[in-house]
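**Student:** Before we start, here is the structure in question, set down as structure tokens.
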Amino acid sequence: MHGGSPDIHVILMTCPPDQAEKILLALLERRLVGCGNIIPLVRSRYWWEGQICSDDEALVVMETTPDRLDALYAAIPEVHPYTVPKVVALQPSACGEPYLQWLRAVTRPG
Amino acid sequence: MHGGSPDIHVILMTCPPDQAEKILLALLERRLVGCGNIIPLVRSRYWWEGQICSDDEALVVMETTPDRLDALYAAIPEVHPYTVPKVVALQPSACGEPYLQWLRAVTRPG
Amino acid sequence: MHGGSPDIHVILMTCPPDQAEKILLALLERRLVGCGNIIPLVRSRYWWEGQICSDDEALVVMETTPDRLDALYAAIPEVHPYTVPKVVALQPSACGEPYLQWLRAVTRPG
Numbered sequence: 001m002h003g004g005s006p007d008i009h010v011i012l013m014t015c016p017p018d019q020a021e022k023i024l025l026a027l028l029e030r031r032l033v034g035c036g037n038i039i040p041l042v043r044s045r046y047w048w049e050g051q052i053c054s055d056d057e058a059l060v061v062m063e064t065t066p067d068r069l070d071a072l073y074a075a076i077p078e079v080h081p082y083t084v085p086k087v088v089a090l091q092p093s094a095c096g097e098p099y100l101q102w103l104r105a106v107t108r109p110g
Numbered sequence: 001m002h003g004g005s006p007d008i009h010v011i012l013m014t015c016p017p018d019q020a021e022k023i024l025l026a027l028l029e030r031r032l033v034g035c036g037n038i039i040p041l042v043r044s045r046y047w048w049e050g051q052i053c054s055d056d057e058a059l060v061v062m063e064t065t066p067d068r069l070d071a072l073y074a075a076i077p078e079v080h081p082y083t084v085p086k087v088v089a090l091q092p093s094a095c096g097e098p099y100l101q102w103l104r105a106v107t108r109p110g
Numbered sequence: 001m002h003g004g005s006p007d008i009h010v011i012l013m014t015c016p017p018d019q020a021e022k023i024l025l026a027l028l029e030r031r032l033v034g035c036g037n038i039i040p041l042v043r044s045r046y047w048w049e050g051q052i053c054s055d056d057e058a059l060v061v062m063e064t065t066p067d068r069l070d071a072l073y074a075a076i077p078e079v080h081p082y083t084v085p086k087v088v089a090l091q092p093s094a095c096g097e098p099y100l101q102w103l104r105a106v107t108r109p110g
């Protein structure tokens, strides 16, 4: 079955395509996320310094638990090359119970 | 226009790339989702049995209504090969009204 | 650090692959979104007029602020070819503060 508002956050992050694996691995090794799905090539367009710019990026979808969210945000500047990285957390309304249990177990520090 | 907290859930699911169509079709045929977008190839890294593993997966983004959510979660073990599948539901803050009406109509059982 | 429920919406939109750039550019130029990531090719399956149809689409992940959401939804029919487009807004539970400040600045009208 699934919870009402489960203890999980879905994290959306963009980064240079050739750094996605390295960033995700660093976050996994620190138990800050339980898993990540790298969408290897997205076409990004965005406002920057008064112009619409465009870049190839990777979009990474990760999951973590609420107790690891602060530590995740604190670690981003150490592992991500951007000064203004997109790291957005979404709180699900439901999630499979086995998945939640697994996520709690694998994101426990130490 | 669009509602405050509309009657819709966005579902994120990962699965083996070669089973995404079959799983999505099974859920559509049972009217458990109204549509699905298959991102055919994502690179997944995750903790499993004490190690960081990696796999190619598909990421499927689907939509359903609140009254079909329980039935959707109940059906997952019948159509998904994993013992611990990622099936996460996100509740939007807004959605186009025509889309909502369409989704209600196509997810009505029977 | 990051806010509790920050002033940002993540927008999920699907559209024909060859129109994703044009639609995203139109929304950026009107300052209705701050950025967008185009996932160029997804396989969509959906109910339409009593049948399960399938199409190649693009999935675009965009961000905007709450004060621009109504204007965004009002503009969709002018820039999107579908009669029933998927334009779903998700409200994050957290987001990097520098990103939030940037988003507010670049989505200010005029």
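Respectively, the protein sequence lines represent chains A, B and C. Going letter by letter, the first sequence gives residues 1 to 110 in UniProt numbering. Going letter by letter, the second sequence gives residues 1 to 110 in UniProt numbering. Going letter by letter, the third sequence gives residues 1 to 110 in UniProt numbering. Just so it is clear, CB atoms sit at the ideal spot from N, CA and C, and this is done for glycine as well.
Do the CB positions of Val33(A) and Thr64(A) come within less than 8 Å of each other?
**Tutor:** Closer than 8 Å, so yes.
**Student:** According to the neighbour-count rule (16 or more other Cβ atoms, all chains shown, within 10 Å of its Cβ), is Pro6(C) buried or exposed?
**Tutor:** By the neighbour-count rule (16 or more Cβ atoms within 10 Å), Pro6(C) is buried.
**Student:** Assign Cys53(A) to buried or exposed, taking buried as 16 or more other Cβ atoms, counted over all protein chains shown, within 10 Å of its Cβ.
**Tutor:** With fewer than 16 Cβ atoms within 10 Å of its Cβ, Cys53(A) is classed as exposed.
**Student:** Please check if any C-beta of chain C sits within less than 8 Å of the C-beta of Lys22(A).
**Tutor:** With 8 Å as the cut-off, Lys22(A) does not count as an interface residue toward chain C.
**Student:** Provide the residue(s) that pair with Glu63(A) in DSSP beta bridges, ordered along the chain.
**Tutor:** For Glu63(A), which the question treats as bridged, DSSP gives the partners Val10(A), Cys35(A).
**Student:** Do the CB positions of Ala58(A) and Ile39(A) come within less than 8 Å of each other?
**Tutor:** Contact: yes.
**Student:** Identify the continuous alpha helix (DSSP H) that holds Val87(A) and give its terminal residues.
**Tutor:** First-last for Val87(A): 87 to 90, but that is the beta strand (DSSP E), not the alpha helix (DSSP H).
**Student:** Out of Met13(B), Gly110(B), Arg68(B), Leu28(B), state which residue places its alpha-carbon closest to the alpha-carbon of Pro41(B).
**Tutor:** According to the sequence displayed, residue 41(B) carries Leu and not Pro. Leu41(B) has its Cα closest to that of Met13(B), out of Met13(B), Gly110(B), Arg68(B), Leu28(B).
**Student:** Taking contact to mean at least 3 C-beta pairs separated by less than 8 Å, is the stretch 97 to 106 of chain B in contact with the stretch 94 to 107 of chain A?
**Tutor:** Flag = no, the stretch 97 to 106 of chain B and the stretch 94 to 107 of chain A do not touch.
**Student:** Just checking: is the beta-carbon of residue 113(C) within a distance shorter than 8 Å of some beta-carbon in chain B?
**Tutor:** An answer regarding residue 113(C) cannot be provided, because it is not within the stretch 1 to 110 covered by chain C.
**Student:** Between the C-alpha atoms of Asp67(A) and Ile8(A), what's the straight-line distance to the nearest angstrom?
**Tutor:** Rounded to whole angstroms, Asp67(A) to Ile8(A) spans 9 Å at the Cα level.
**Student:** With a threshold of 8 Å between beta carbons, is Leu25(C) in contact with chain A?
**Tutor:** Yes, Leu25(C) lies at the interface with chain A (some Cβ there is under 8 Å from its Cβ).
**Student:** Buried or exposed: Arg108(A), going by 16 or more other Cβ atoms within 10 Å of its Cβ?
**Tutor:** Its Cβ having fewer than 16 others within 10 Å, Arg108(A) is exposed.
**Student:** Residue range of the alpha helix (DSSP H) that Gln19(B) falls in?
**Tutor:** Segment: none, Gln19(B) is in no alpha helix (DSSP H) and carries neither H nor E.
**Student:** Mind checking whether Leu28(C) and Val60(C) have CB atoms under 8 Å apart?
**Tutor:** Cβ atoms of Leu28(C) and Val60(C): not closer than 8 Å.
**Student:** Which first and last residues belong to the alpha helix (DSSP H) in which Arg104(C) is found?
**Tutor:** Unbroken alpha helix (DSSP H) run through Arg104(C): 97 to 106.
**Student:** Please report how far the alpha carbon of Trp47(B) lies from the alpha carbon of Leu69(A), in whole angstroms.
**Tutor:** Near 17 Å, if we compare the C-alpha coordinates of Leu69(A) and Trp47(B).
**Student:** Ordered along the chain, which non-local residues of its own chain (more than five positions away) have a Cβ less than 6 Å from that of Lys86(B)?
**Tutor:** Once the five neighbours on either side are set aside, the close Cβ partners of Lys86(B) are Thr14.
**Student:** Whose C-beta lies closer than 8 Å to the C-beta of Ser44(C) among residues of the same chain, with five residues either side of it excluded?
**Tutor:** Taken in chain order, the residues that qualify are Thr14, Ser54, Asp55, Asp56, Glu57.
**Student:** Who does Arg43(A) pair with in a DSSP beta bridge?
**Tutor:** Answer by DSSP bridge pairing, in chain order: Asp56(A), Ile38(C).
**Student:** Alpha carbon to alpha carbon, what distance is there between Gln91(C) and Thr83(A)?
**Tutor:** Between Thr83(A) and Gln91(C), the C-alpha separation is close to 23 Å.
**Student:** Mind pulling the chain B residues with CB within less than 7 Å of residue 128(A)?
**Tutor:** What the structure shows of chain A is the stretch from 1 to 110, and residue 128(A) is not part of that stretch, so it cannot be assessed.
**Student:** Go ahead and label Gly50(B) buried or exposed: buried means 16 or more other beta carbons lie within 10 angstroms of its beta carbon, across all protein chains shown.
**Tutor:** Per the 10 Å Cβ criterion, exposed.
**Student:** With DSSP as the reference, please indicate the residues paired to Ala94(C) in a beta bridge.
**Tutor:** Note: Ala94(C) sits in a beta bridge opposite Ala89(A).
**Student:** Is Ala94(A) buried or exposed, if buried means 16 or more other CB atoms sit within 10 Å of its CB?
**Tutor:** Buried, by the Cβ-count rule.
**Student:** Check whether the Cβ of Ala94(C) lies closer than 8 Å to any Cβ atom in chain A.
**Tutor:** Chain A contact via Cβ: present.
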